[in-house]
Amino acid sequence: MASKRLGNLSHAVWQRSSSCRVALCAGFNIPACACGGFSSAGSTMHGQKCCKDGQNCGPTKNVAANNNPVAATVTSHRHHIVGKNRGDESLTKSGRAFSSTAPQINSKTYLWGRYNEMKRLVHDLIPPGVCNLLNPSNIYANNEVNLEEVDIYGFDYDYTLALYSSSLDEMIYNKAREFLVQHYKYPEGIGKYDYIPNFATRGLHYDIQKGLLMKIDAFHYIQLGTVYRGLKAVPDEEVMQLYGGSNHVPLHQVSGFYGKGPMMKQFMDVFSISEMTLLAAANDYFISNDIEYDPVHLYKDVSDAIGMVHIKGYMYKWIMQDLEKYILRGDETYAVLHRLASHGKKLFLITNSPFSFVDKGMKYMVGKDWREFFDIVIVQADKPHFFNDCVKPFRRLDSNGDLQWDRIKSLNKGQIYKQGNLVDFLKLTGWRGSKVFYFGDHLYSDLADLMLRHGWRTGAIVPELEVETKVVNTEQYAQSLTWLQALTGMLERMQMYRDPESKKVLEEWLKEREELRAVTKNLFNPHFGSIFRTCHNPTYFSRRLCRFSDLYMASISCLLNYDLSYTFYPRRTPLQHEAPLWMDQLCTGCMKTPFLEEMAHIR
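In this text, residue positions in the sequence shown follow my numbering: the first is 1, and each later residue adds one.
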């Protein structure tokens, strides 16, 4: 039923907007608008002939009065030129005279009339049930991919084949906090800071020298309101001051290709949630207690403390001791591997984790014969170096996990290999190009080099999609976002009203727009919002996701919903100059150029 309603959505837009389009165009002197175009050919400024067939499609009192009370008042003012003083009763352009004998319109009444009409339209365009259409098990395409052409499937292990519960983040945080206090001799007061679930989100940037955690958009602009020093938000004015009067950050100067640099670090993997939270807690302790410290030293020590949790094997130990607690949906991993293998696909595994850890987890999820599914298994690969240099040779491990000294001349099924590099991998396997599909959760370490340098198909695992999809499916989000778009469109078009009363109205709209932005942000995360969007632009994370992955999904189990000959087609996302009729354009008379009518005379 919801699908049927959605199918009628476009038709409803045109039906509902047909009455207001004449009125909206009428108020802005766009006679061709009602005909669906902007050409001045075949039209007159008095609206007598604007259709090519010579029919009169100018304003009529019946249409305006029957469909829109506000429009009835506005229709007689069709000849007001956009951008001119609304009090002018006579204008001369290119030797033509324009005049109006209609009474002066109250611009404040007109603006609020447009506002109320658009609000009713937005409400009617979102019927009950239409908001629950996104399936968190969907696979989303950035590029066209035909699975029938894929013969070889490769996987990372952590957060790809094995998904972990959020309780692991707290364990990593607690142990790293302990290292920070006991090993690095930080104040014991930091030990009183408990882990804060859902404080940080993946993809954030951290200014190492300033000690600031923030979200940056695809154009390198900081999203104001998402900058934190410790656990407290930094006022927008202070952020602008800290960055030289602008919220733009030249990331190419401060951060390298893999998101690391001397001044800025982007946290891209799920494991980094604990690190960001500990950085915020430690910063907050020093600031709250007025203790002088160097943010650069703090960043390095926290990073090392988090690294020690992995290097010393604590994380591996916790998971292996309680697989049921930490590993999620292992049966789905088995189903994916079984399905691919039974259809004759070759499978391989490349992970940075040690064999003993991977072996224990795979036996739990897939069974003791899990290695039978894979043609090649490579552990402790040291990605991303595995993909971008050819220094380390492959080494073979025996059944006990001990290193062997023989030279590797082939990569064989049933064997376990350590380290190595992609150059040798390609030589030994001959697996090249788009027939190879590799899945991983880290956009830089797992996917970037494979897509950019080697032409492999890449699939990004984004577990956050499940939660974010649920938010997008709510009626509150749909209503708020749609009204936000419509309100933004009205602000863009109605800014031509510049009298004092109109300016007050527009200021109220701007204030409401900021409130709506905060509401939609907080639905995802009260501190940083969605990992995919800032207020209106894609995030830097989202930009990288689109650049480095052909497909993205919440988990590899999403593959179970598609046939292995399925073709994924990316939706044609309209560019700004080719956008179809969006909500924000309904309220602007289907046009976005303020002086379009005047320009038509020049041309």
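For glycine and all other residues, C-beta sits at the position ideal for the given N, C-alpha and C.
- The count of Cβ pairs closer than 8 Å, one atom from the stretch 490-504 and one from the stretch 439-453, stays below three, leaving the stretches out of contact.
- Of the other Cβ atoms in all chains shown, fewer than 16 fall within 10 Å of the Cβ of Asp563; this residue is therefore exposed.
- In summary, Pro295 is buried, with 16 or more beta-carbon neighbours lying within 10 Å of its beta-carbon over all protein chains present.
- In the DSSP assignment, Met171 falls within the unbroken alpha helix (DSSP H) covering Ser167 to Gln182.
- In terms of Cβ geometry, Ile376 and Leu411 form a close pair [threshold 7 Å].
- Pairing Asp236 with Met315, the inter-Cα distance amounts to about 38 Å.
- The alpha-carbon separation between Ala486 and Asn388 amounts to approximately 47 Å.
- Of the other Cβ atoms in all chains shown, 16 or more fall within 10 Å of the Cβ of Lys265; this residue is therefore buried.
- Counted as a single uninterrupted DSSP element, the beta strand (DSSP E) harbouring Gly459 occupies residues Arg457 to Ile461.
- The beta carbons of Met553 and Gly459 sit about 7 Å from each other, so the pair counts as a contact at 8 Å.
- Residue pairing from DSSP places Asp207 in a beta bridge opposite Leu212 and Met264.
- Every beta strand (DSSP E) stretch that sits fully inside the stretch 269-355 and reaches 3 residues is listed by chain position as 346-350.
- Between Tyr153 and Leu422, the gap from beta carbon to beta carbon reaches 7 Å or more.
- Following the DSSP letters along the chain, one finds Phe439 inside the beta strand (DSSP E) bounded by residues Val436 to Gly440.
- Sixteen is the threshold: when 16 or more other Cβ atoms of the shown chains lie within 10 Å of the Cβ of Gly211, as they do, the residue is buried.
- When beta bridges are read from the DSSP output, Val145 appears opposite Phe568.
- Ranked by Cα distance from Lys511, the options Leu491, Gly414 and Ala141 are led by Leu491.
- Between Ser445 and Pro526, the C-beta gap is not smaller than 7 Å, which leaves the two residues out of contact.
- Between Gly420 and Ile378, the CB-CB gap stays under 7 Å.
- Three or more beta-carbon pairs separated by less than 8 Å link the stretch 326-343 to the stretch 152-171, which places the two stretches in contact.
- Between Ile556 and Phe541, the CB-CB gap reaches or exceeds 7 Å.
- Going by DSSP, Leu161 is part of no alpha helix (DSSP H) at all; its letter is neither H nor E.
- Apart from sequence neighbours up to five positions away, the residues of its chain that approach Arg202 with a beta-carbon distance below 8 Å are Phe267, Met268, Asp269, Val270, Ser272, Ile273, Glu464, Ile531 and Phe541, ordered along the chain.
- By the Cβ criterion, the stretch 179-186 is in contact with the stretch 297-307, since at least three pairs of Cβ atoms, one from each stretch, lie closer than 8 Å.
- Note that the C-beta distance between Asn138 and Asn473 is not below 7 Å.
- If you draw a straight line from the Cα of Pro393 to the Cα of Val145, it is about 32 Å long.
- A residue is called buried once 16 or more other Cβ atoms fall within 10 Å of its Cβ, and Lys521 is buried on that count.
- Taken in chain order, the complete alpha helix (DSSP H) segments of 4 or more residues contained in the stretch 451-506 are 464-472 and 475-494.
- Annotation: the stretch 352-424 contains the following complete segments of the alpha helix (DSSP H) (minimum length 4 residues), in chain order: 355-365 and 385-388.
- The C-alpha of Ile291 lies about 11 Å from the C-alpha of Ala282.
- Bridge pairing for Ala233: Tyr228 [DSSP].
- Around the Cβ of Phe219, a 10 Å sphere holds fewer than 16 other Cβ atoms; the residue is exposed.
- His252 carries a helical assignment under DSSP once its states are collapsed to helix, strand and coil.
- Counting every other CB atom within 10 Å of its CB across the protein chains shown gives Glu238 a total below 16, marking it as exposed.
- For Lys363, the CB contacts under 8 Å within the same chain, skipping 5 residues up- and downstream, are Trp370 in chain order.
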